[in-house]
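Peer 1: Here our numbering is used: position 314 in the sequence shown is 732, and no number is missing along the way. For glycine and all other residues, C-beta sits at the position ideal for the given N, C-alpha and C. Computed from a predicted model, the values in this text were never measured in an experiment. One structure follows; several queries about it will come next.
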Amino acid sequence: MSKEKQTLLLVDDSSESLTLMVALLGRDYRVKVAKSGAQALELLGSEQLPDLILLDVVMPGMDGHEVCRALKAKDRTKGIPIVFLTSLNDAGSEAKGFEAGASDYIAKPFDQVIFLARVHTQLDLVRERKKTEHLLTNFLPRRVVHQLVSTGTARPEQIDELSFIFCDLVDFTTFTEQLSKETLLDELSDLFSAFDSIMEERGGQRFKTIGDAYMGLVGLNRPFSDHADRAVHAALDMIDHLKWRDTGNGPAWKVRIGVHSGSVIAGIVGAHHYQYDIFGEDVNYAARVEGASEPMRVSITTATHGRLRSPGLRVEPRGLIGMKGIGERELFFVERGK
Numbered sequence: 419m420s421k422e423k424q425t426l427l428l429v430d431d432s433s434e435s436l437t438l439m440v441a442l443l444g445r446d447y448r449v450k451v452a453k454s455g456a457q458a459l460e461l462l463g464s465e466q467l468p469d470l471i472l473l474d475v476v477m478p479g480m481d482g483h484e485v486c487r488a489l490k491a492k493d494r495t496k497g498i499p500i501v502f503l504t505s506l507n508d509a510g511s512e513a514k515g516f517e518a519g520a521s522d523y524i525a526k527p528f529d530q531v532i533f534l535a536r537v538h539t540q541l542d543l544v545r546e547r548k549k550t551e552h553l554l555t556n557f558l559p560r561r562v563v564h565q566l567v568s569t570g571t572a573r574p575e576q577i578d579e580l581s582f583i584f585c586d587l588v589d590f591t592t593f594t595e596q597l598s599k600e601t602l603l604d605e606l607s608d609l610f611s612a613f614d615s616i617m618e619e620r621g622g623q624r625f626k627t628i629g630d631a632y633m634g635l636v637g638l639n640r641p642f643s644d645h646a647d648r649a650v651h652a653a654l655d656m657i658d659h660l661k662w663r664d665t666g667n668g669p670a671w672k673v674r675i676g677v678h679s680g681s682v683i684a685g686i687v688g689a690h691h692y693q694y695d696i697f698g699e700d701v702n703y704a705a706r707v708e709g710a711s712e713p714m715r716v717s718i719t720t721a722t723h724g725r726l727r728s729p730g731l732r733v734e735p736r737g738l739i740g741m742k743g744i745g746e747r748e749l750f751f752v753e754r755g756k
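Below, the structure written as structure tokens:
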């Protein structure tokens, strides 16, 4: 499969320079052109952003340094690498360009081989950065990835409305004694992959697994007014999947699931080994609810119950249930109406 063509924006007031660069780059890349700094800013404000900008320094009106500073001052465009093109081939001019935020500097008239090599290098860096960002989104919310890429850090944040799903495999120790390690890992991979798909379909995500325990969240990556309904339906989907999966030919997995809704503090912790994690009393409460549930049942808290809006759910009061470190709290079983 061929790689998707990357996009370049060429900004130069010289038609001759633009024609030459389009001829050199047009076969391998999608190329857009602007003949002034103002036109470039207008394009970048309305169209899909390019992967790289080649920007002439000496132009009437806004010069390249002004354009570069304007782009680096905006969240939307500050991450686009900029290569300056200029006939001002002196150390002072180069220093001014790098201070403005340029990634590289090519002197005019340029050697075509060197020009192409420098463009290729910048675009290779862009491609690798996007791969890294894509990998990070498997572990972090997109807004956190954006902060990390843009600033090198991510601020702690409070998320006031989300729902937790804690799911634990019943009699896991027994299965570890009965199954080979290869079979056990294959089983866990298959189960958790299915749970991941369920979470994604409901707008949530796997947050972490610890041994045989699976933790999912709805409302972390993006807010949902119906996060409690989504979480409960995801939990019920997990149980339905296990019932469907149990054909009698392999391990008959069962789970206990607890769902709670509340708030968390989220952020990256650690000085050398970074980890994105969530904190707060609601996290511990949600884990205890799972421990107080029963095999192939979903237990929910009053906080989740009070947020439910789905008409197809049937809620059964369990009364006050004692939980370690929490005390007695009212819990409910929930299932789909029949």
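What's the C-alpha gap between M419 and L467?
Peer 2: Here residue 419 is taken as the residue at index 1 of the sequence shown, counted from 1. Here residue 467 is taken as the residue at index 49 of the sequence shown, counted from 1. For M419, the pLDDT reaches just 39, beneath the cut-off of 50, and the residue's location in the model is therefore unreliable, although a value from the coordinates is still provided. Taking the straight line from one Cα to the other gives about 24 Å.
Peer 1: If you reduce the DSSP assignment to three classes, tell me which class M714 lands in.
Peer 2: Here residue 714 is taken as the residue at index 296 of the sequence shown, counted from 1. Of the three classes helix, strand and coil, the one that applies to M714 here is coil, per DSSP.
Peer 1: Determine the DSSP secondary structure at D658, reduced to helix, strand or coil.
Peer 2: As a first step, residue 658 is located in the sequence shown; it is residue number 240 there, counting from the start. In this structure, D658 counts as helix in the three-state DSSP scheme.
Peer 1: In angstroms, rounded to a whole number, what distance separates the CA positions of T569 and D493?
Peer 2: Taking the first residue of the sequence shown as 1, we reach residue 569 at position 151. Taking the first residue of the sequence shown as 1, we reach residue 493 at position 75. Cα-Cα distance, rounded: 11 Å.
Peer 1: Looking at the secondary structure, which residues open and close the beta strand (DSSP E) in which F533 lies?
Peer 2: Taking the sequence shown and counting its residues from 1, one reaches residue 533 at position 115. No beta strand (DSSP E) holds F533; the alpha helix (DSSP H) holding it covers 530–554.
Peer 1: Do the region 661–671 and the region 618–630 touch if we need at least three Cβ pairs shorter than 8 Å?
Peer 2: With a cut-off of 8 Å, the region 618–630 and the region 661–671 do not count as touching, because too few Cβ pairs lie within range.
Peer 1: For V733, which residues in the same chain have their Cβ closer than 8 Å to its Cβ, ignoring the five residues on either side in sequence?
Peer 2: As a working note, residue 733 is residue 315 in the sequence shown. The residues are I718, H723, L726, F750, F751, V752.
Peer 1: Which one or two residues does DSSP pair with T719 in a beta bridge?
Peer 2: Locating residue 719 in the sequence shown gives position 301, counting from the first residue. DSSP, once it has assigned bridges, lists L749 as partnering T719.
Peer 1: Is the Cβ-Cβ distance between G676 and V707 less than 8 Å?
Peer 2: Stepping through the sequence shown from its first residue, residue 676 is reached at position 258. Stepping through the sequence shown from its first residue, residue 707 is reached at position 289. Going by C-beta atoms, G676 is nearer than 8 Å to V707.
Peer 1: Could you check where the alpha helix (DSSP H) with Q457 kicks off and where it finishes?
Peer 2: Here the question's residue 457 lines up with position 39 in the sequence shown. First-last of the alpha helix (DSSP H) with Q457: 455–464.
Peer 1: Assign I739 to one of three DSSP states: helix, strand, or coil.
Peer 2: For the purposes of this step, residue 739 is identified with residue 321 of the sequence shown, where counting begins at 1. If DSSP states are grouped into helix, strand and coil, I739 belongs with the strands.
Peer 1: Can you tell me which of I471, K496, L554 puts its alpha carbon nearest to the alpha carbon of D522?
Peer 2: On the sequence shown, position 104 is the one that residue 522 refers to. The shortest C-alpha separation from D522 is found at I471.
Peer 1: In the DSSP assignment, what are the bridge partners of R627?
Peer 2: In the sequence shown, counting from the first residue as 1, residue 627 sits at position 209. This sequence places Thr at residue 627; Arg is not what is there. Answer is Y632.
Peer 1: For Q424, which residues of its own chain have a beta-carbon under 6 Å away from its beta-carbon, when the five flanking residues on both sides are left out?
Peer 2: Here residue 424 refers to the residue found at position 6 when the sequence shown is read from its first residue. Within the same chain, Q424 has close Cβ partners Y447, D469, L541.
Peer 1: Look at the Cβ atom of L473, then the Cβ atom of L503, and state whether they are nearer than 8 Å.
Peer 2: Translated into the one-based positions of the sequence shown, residue 473 becomes position 55. Translated into the one-based positions of the sequence shown, residue 503 becomes position 85. Yes.
Peer 1: Could you check if I532 is buried or exposed, using at least 16 other CB atoms within 10 Å of its CB as the buried criterion?
Peer 2: Numbered from 1 along the sequence shown, position 114 holds the residue referred to as residue 532. So I532 ends up on the exposed side.
Peer 1: Whose C-beta lies closer than 7 Å to the C-beta of A704 among residues of the same chain, with five residues either side of it excluded?
Peer 2: Within the sequence shown, numbered from 1, the residue matching residue 704 stands at position 286. Within the same chain, A704 has close Cβ partners F582, F584, G676, H678.
Peer 1: The beta strand (DSSP E) with L503 in it runs from where to where?
Peer 2: Taking the sequence shown and counting its residues from 1, the one referred to as residue 503 is at position 85. Here the beta strand (DSSP E) through L503 covers 500–504.
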